[in-house]
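> Residue numbers for the sequence shown follow my numbering, beginning at 460 and rising by one.
Ideal placement from N, C-alpha and C gives every residue a C-beta, glycine not left out.
Remember, predicted model here, so these are calculated numbers, not experimental data.
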Amino acid sequence: MPVEGDLILWTPSTWKGLSFRKSRNIRAVRNIRRGVSFPLTVISQYEHSRSLRMLLQGEEFAINPVWSMADFWAKVFHPRTAIGWGLDCWARIVGISRTLQLKGLDDWFGFFGGGYQPFGQAPFYDPEGTSSYTMDDLNLRKAVFFKAAINITNGTLASLNRIMSEFYRDRGEVMVIHVSTMRIRFLFTFELTDEERAMILREDIPPVPAGVGYEVMTLNPEGVFGFAGSGLQPFNHGTFVPANGVPTNAYSVSTPKA
460 MPVEGDLILW TPSTWKGLSF RKSRNIRAVR NIRRGVSFPL TVISQYEHSR SLRMLLQGEE
520 FAINPVWSMA DFWAKVFHPR TAIGWGLDCW ARIVGISRTL QLKGLDDWFG FFGGGYQPFG
580 QAPFYDPEGT SSYTMDDLNL RKAVFFKAAI NITNGTLASL NRIMSEFYRD RGEVMVIHVS
640 TMRIRFLFTF ELTDEERAMI LREDIPPVPA GVGYEVMTLN PEGVFGFAGS GLQPFNHGTF
700 VPANGVPTNA YSVSTPKA
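Shown next, in the form of structure tokens:
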């Protein structure tokens with residue numbers, strides 16, 4: 460085998476015939492990460508044993524770390540392809556979990572101002588009335604990237620609107636509005652699913668600057684009555700804002716910790 464200084468000039472794709480003689484730097488060998496083929500590790504008196512060579516060849520294929528490294532990269536290390544436990548690791552890194560509470564305190568009857576519902580709109584509190592939802596890999600991956608963007612945002616309305624618009628771009632229009640002192644509102648022009656509402660009402664997920672409260676409101680302009688120029692519907696073509704469209708104070712809703 461030709462040798463040039465400390466480098467071994469080797470081009471075949473296997474280790475057959477490879478020699479380390481006169482080499483002072485084994486890391487200079489091309490494709491060193493492919494592993495060492497078993498014939499080079501068998502002492503001479505066994506190199507013609509067909510049974511032993513077949514056993515070693517099968518064992519080498521079974522424990523070859525190359526495949527494990529590729530699986531680790533795809534299923535754990537890379538967030539765009541991670542699945543199962545690997546995606547759970549990324550969720551913990553950004554500070555969230557798979558489990559969402561589907562129903563919060565706004566589903567129960569209570570006093571005004573506490574985020575509860577009035578007479579005739581909701582039952583009394585029932586601890587068994589709440590339920591949990593475990594996100595699948597697809598939704599959890601979206602939540603991971605959503606939370607990652609939130610973790611590095613500068614907290615301006617422009618950046619918050621950009622994050623929300625990007626995350627819900629396949630669902631409809633979303634706006635982040637400054638409505639009061641130290642308070643913002645997430646306005647959705649489409650109906651949220653139970654899972655989406657549960658996620659946006661978690662205090663550890665939505666893009667909210669430190670010390671700022673927030674509320675959630677859904678308003679579908681296609682079915683709501685309003686004044687001319689507002690983008691809403693005229694008389695006899697829309698209804699008043701429904702009860703579930705009233706802004707919900709997110710801090711009145713209990714959320715499970717990640």
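Considering only the alpha carbon of each residue, which of Leu599, Tyr592 and Phe626 lies closest to Ala608?
Closest by alpha carbon: Phe626.
> Apart from the five residues on each side of it in sequence, which residues of its chain come closer than 7 Å, Cβ to Cβ, to Trp549?
The answer, listed in chain order, is Pro538, Ala541 and Val603.
> Quick one: complete beta strand (DSSP E) runs, 3+ long, within the stretch 590 to 651?
Those beta strand (DSSP E) runs which fall completely within the stretch 590 to 651 and span 3+ residues are 591 to 593, 633 to 639 and 642 to 647.
> If you draw a straight line from the alpha carbon of Ile430 to that of Leu514, how long is it in whole angstroms?
This structure cannot settle anything about residue 430, because the visible part of the chain is limited to 460 through 717.
> Go ahead and pull the three-state DSSP assignment for Leu559.
Correct three-state label for Leu559: strand.
> Determine whether the beta carbon atoms of Asn610 and Val553 lie at a separation below 9 Å.
Yes, they are a contact pair.
> Please name the residue in Gly543, Leu619, Glu674 and Ile643 whose C-alpha comes closest to that of Ala657.
The shortest Cα separation from Ala657 among Gly543, Leu619, Glu674 and Ile643 belongs to Glu674.
> Terminal residues of the continuous beta strand (DSSP E) containing Glu662?
Where Glu662 is concerned, there is no enclosing beta strand (DSSP E), given that its DSSP letter is neither H nor E.
> Less than 8 Å between the CB atoms is what I'm expecting for Pro665 and Ile659, so what's the real figure, rounded?
Right, the Cβ-Cβ distance comes to about 6 Å (below 8 Å), so this counts as a contact.
> Can Val638 and Thr648 be called in contact, C-beta distance under 9 Å?
No, these two residues do not count as a Cβ contact at 9 Å.
> Can you have a look at Leu651 and say buried or exposed, based on whether 16 or more other CB atoms are within 10 angstroms of its CB?
Buried, since its Cβ has 16 or more Cβ neighbours within 10 Å.
> Pull up the distance between the alpha-carbon of Trp526 and that of Phe536, whole angstroms please.
So the alpha carbons of these two residues sit roughly 14 Å apart.
> Where does the unbroken beta strand (DSSP E) through Val675 begin, and where does it stop?
Looking at the DSSP string, the run of the beta strand (DSSP E) that includes Val675 is Gly672 to Thr677.
> Give every residue of the same chain whose Cβ lies closer than 8 Å to the Cβ of Glu654, excluding the five residues on either side of it in the sequence, and list them in chain order.
Around Glu654: Leu559, Leu561, Tyr592, Met594 and Asn598.
> If you follow the alpha helix (DSSP H) that Ser510 is in, where does it begin and where does it stop?
Here the alpha helix (DSSP H) through Ser510 covers Arg509 to Ile522.
> Whose CA, out of Trp544, Gly543 and Gly614, lies closest to the CA of Met641?
With distances taken between Cα atoms, Met641 lies closest to Gly614.
> Pull up the distance between the alpha-carbon of Gly631 and that of Gln516, whole angstroms please.
For Gly631 and Gln516, the distance between alpha carbons rounds to 56 Å.
> Taking Met676 as the reference, which of Lys606, Ile622, Phe645 and Gly545 has the closest Cα?
Measuring from the Cα of Met676, the nearest candidate turns out to be Phe645.
> Taking the straight line between their C-alpha atoms, what separation do you get for Ala529 and Ser624?
Near 34 Å, if we compare the C-alpha coordinates of Ser624 and Ala529.
> Between which two residues does the alpha helix (DSSP H) harbouring Trp549 extend?
Counting along the chain, the alpha helix (DSSP H) containing Trp549 begins and ends at Gly543 to Val553.
> Quick one: grab the DSSP three-state call for Phe531.
In the structure shown, Phe531 sits in a helix (DSSP, three-state: H, G or I).
> Closest by CA to Ala617, which one among Pro668, Ala581, Asp663 and Glu662?
That would be Pro668, whose Cα lies nearest to the Cα of Ala617.
> Using a Cβ-Cβ cutoff of less than 7 Å, which residues in the same chain neighbour Ile636 once the five nearest sequence positions on both sides are dropped?
Taken in chain order, the residues that qualify are Ile643, Arg644 and Leu646.
> Please return the same chain residues whose Cβ sits closer than 6 Å to the Cβ of Leu511, not counting the five positions on each side in sequence.
Answer for Leu511: Tyr505, listed in chain order.
> Work out the CA separation of Ile555 and Arg621 for me, nearest whole Å.
Rounded to the nearest angstrom, the two C-alpha atoms are 21 Å apart.
> State yes or no: is the C-beta of Ala581 within less than 9 Å of the C-beta of Phe570?
Not in contact: Ala581 and Phe570 (Cβ atoms no closer than 9 Å).
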